[in-house]
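S.K.:
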Amino acid sequence: MNIACPLCRSSVALEDVNVANDIALCRRCGKTWPFSEIASGPESSGPDLANPPAGAWFVQIADGFRVGASTRSWGALIFVPFALLWAAALLSTVFPRHIPSPGHVTVAFGVPFSIAGIALTAICAMTLAGRVELSRSGETLTVFSGVGGIGFSRRYAWPDFRIAREAFPLQASRWHQEGQSPCLVLEGRRRITFGTLWNTERRYFVLAALRKMLRESNPVPAPPPPKPIFR
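For the sequence shown, our numbering begins at 5 and goes up steadily by one.
1) If we call anything under 8 angstroms between Cβ atoms a contact, is P163 one with F172?
2) Once DSSP output is grouped into helix, strand and coil, what is the label at R158?
3) Within 10 angstroms of the Cβ of L89, are there 16 or more other Cβ atoms? Answer buried if so, exposed if not.
4) Tell me which residues share the same chain as H108 and place their Cβ nearer than 6 angstroms to its Cβ, disregarding the 5 neighbours each side in the sequence.
5) If you reduce the DSSP assignment to three classes, tell me which class V210 lands in.
6) To the nearest angstrom, report how far apart S74 and R194 are at their CA atoms.
7) What is the DSSP secondary structure of L132, reduced to helix, strand or coil?
8) To the nearest angstrom, how far is the alpha carbon of V151 from that of A126?
9) Can you tell me which of the three DSSP states F39 falls into?
10) If we count Cβ pairs, one from each stretch, closer than 8 angstroms, do we get three or more for the stretch 27-43 versus the stretch 51-59?
11) Going by DSSP, what residue range makes up the beta strand (DSSP E) through T75?
12) Residues in the same chain with beta-carbon distance under 6 angstroms from V71, minus the five sequence neighbours each way, listed in chain order, please.
13) Could you check what DSSP says for T125 in three-state terms: helix, strand or coil?
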């Protein structure tokens, strides 16, 4: 089995691997990695990238790829009514039609509730018609989150990433993790997270596509053949 550090590509000795805790230590760069993610073995049969699940896509282009998935979910049935109730309560209590003079106290009190309302509205929009897409063009990776063409784009250097895995957004205890939605993580020289609103099927598909693209663009070199021993 060939175990190589995704960052510096040096071999990881077996004595630096803790299988029970799923940790492998690279002594050259001092970083630890999930052993299950960096161990090179027979590749498991993942999803067929040519047949994505509903709401997901993968497109190979000349100098890169586009992969992503919709964030539409049944959660909208919960978030939308709650957002409407929040907006009604905000307008009727925090910002009444006739603000007494001086009114700056009421407005200041309503600012955090307004920010929460904006965040809730964004979640509603994402669960109704949102999408998260990763597109690589040459050495640039763009991560877009939004609705239609409206949203946020983040740009990174594709060679900075060596590994894709599933994790939780916060490094919390097991009790806290049970209340979180898992996300996807790209890491190497830097670390980014995305895809919290994806369901399991879409998340698994995007993860398989990213791992395939990373293997093809940043392959782990095979170990040199053993030297012959002459007696």
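Beta carbons are placed, not taken as given, at the ideal position from N, Cα and C, and that holds for glycine.
M.R.: Let's see:
1) Cβ distance not < 8 angstroms, so P163 and F172 don't count as in contact.
2) In the three-state reduction of the DSSP assignment, R158 falls in the strand class, which pools E and B.
3) An exposed status is given to L89, since fewer than 16 other beta-carbon atoms sit within 10 Å of its beta-carbon.
4) No answer about H108 holds up, because its pLDDT of 47 lies below 50 and its placement is not dependable.
5) Of the three classes helix, strand and coil, the one that applies to V210 here is helix, per DSSP.
6) Rounded to whole angstroms, S74 to R194 spans 25 angstroms at the Cα level.
7) Helix at L132.
8) Distance between the alpha carbons of V151 and A126 is about 9 angstroms.
9) In the structure shown, F39 sits in a helix (DSSP, three-state: H, G or I).
10) Result no; under three Cβ-Cβ pairs closer than 8 angstroms.
11) DSSP places T75 outside any beta strand (DSSP E), giving it a letter other than H or E.
12) Counting only Cβ-Cβ distances below 6 angstroms, and skipping sequence neighbours, we find F62, L138, V210 and A213.
13) For T125, the secondary structure class from DSSP, reduced to helix, strand or coil, is helix.
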